[in-house]
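Heads up, the sequence shown is in full-length UniProt numbering, so the first residue is 1 and it goes up one at a time.
The structure appears right after this line, and notes come after that.
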Amino acid sequence: MQLISLQPVEGWDLLCQIKRNPKTWSIFKNSEMEEGNKINLKAELTAARGHVLIRAIAVVTTPSLPVQAKISETLDDKVDMIIVDEASRICEIDTVALVGCYPNAPGKALCGDPNQLAPIVLDQDSRARQTAVPLQACLTANGTPAVMLTI
């Protein structure tokens, strides 16, 4: 999961203070860090994430990150627009979860090529195959207005 955001200039100092040596993460992941330092690092990273999310002008992320409670609770009333790129590659259930976490967002747009390959679902169970249908395909099949952009 990745979180990328555009930040206003103010508040940048706090993020620079939190910046650490690149080796810190590998020490943390390899369990070579003392417990007290782990707790401090987690607290600093949580503070940095909150700082970034609250002040972000735009956030670009994977579909799975913004549906996590720690993210959606922070962003709930701050999201003005949800844009799902490559919407034909995302399962219906993932798109519904994303849009459902931010019901107050006034703008929602699915962008994607309807002729692109469908999402990959490895489970052969009939219910799992049903979730392989992108929400974009379901909405256009039900008559939701769609615009095909051509050059």
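A virtual CB, placed ideally from N, CA and C, is assigned to each residue, including glycine.
Keep in mind that this is a model prediction, so the values were computed, not measured.
Alpha-carbon spacing of residue i relative to residue j, whole angstroms
i, j, result
"E44", "R55", "17 Å"
"V121", "T74", "31 Å"
"I39", "E32", "13 Å"
"Q68", "L139", "25 Å"
"D125", "G143", "28 Å"
"V147", "N115", "14 Å"
"A118", "I57", "31 Å"
"M1", "P103", "Bear in mind that the predicted position of M1 carries a pLDDT of just 43, short of 50, making it unreliable; the figure below should be weighed with that in mind. So the alpha carbons of these two residues sit roughly 22 Å apart."
"D94", "S88", "12 Å"
"residue 155", "V96", "There is simply no residue 155 to check, as the chain begins at 1 and stops at 151 in what is shown."
"A137", "D85", "14 Å"
"P145", "P63", "23 Å"
Whole-angstrom C-beta distance between residue j and residue i, which should lie under 8 Å
i, j, result
"C101", "P66", "6 Å"
"I82", "G107", "7 Å"
"I71", "L53", "7 Å"
Start and end residues, alpha helix (DSSP H) containing residue i
i, result
"D94", "92-101"
"A69", "69-75"
"E44", "35-55"
"T144", "Taken as a continuous stretch (DSSP letters only), T144 belongs to no alpha helix (DSSP H), as it is neither H nor E."
Those residues which DSSP pairs with residue i across a bridge
i, result
"C111", "D85"
"P134", "C91"
Residue interval of the beta strand (DSSP E) (run including residue i)
i, result
"T61", "58-61"
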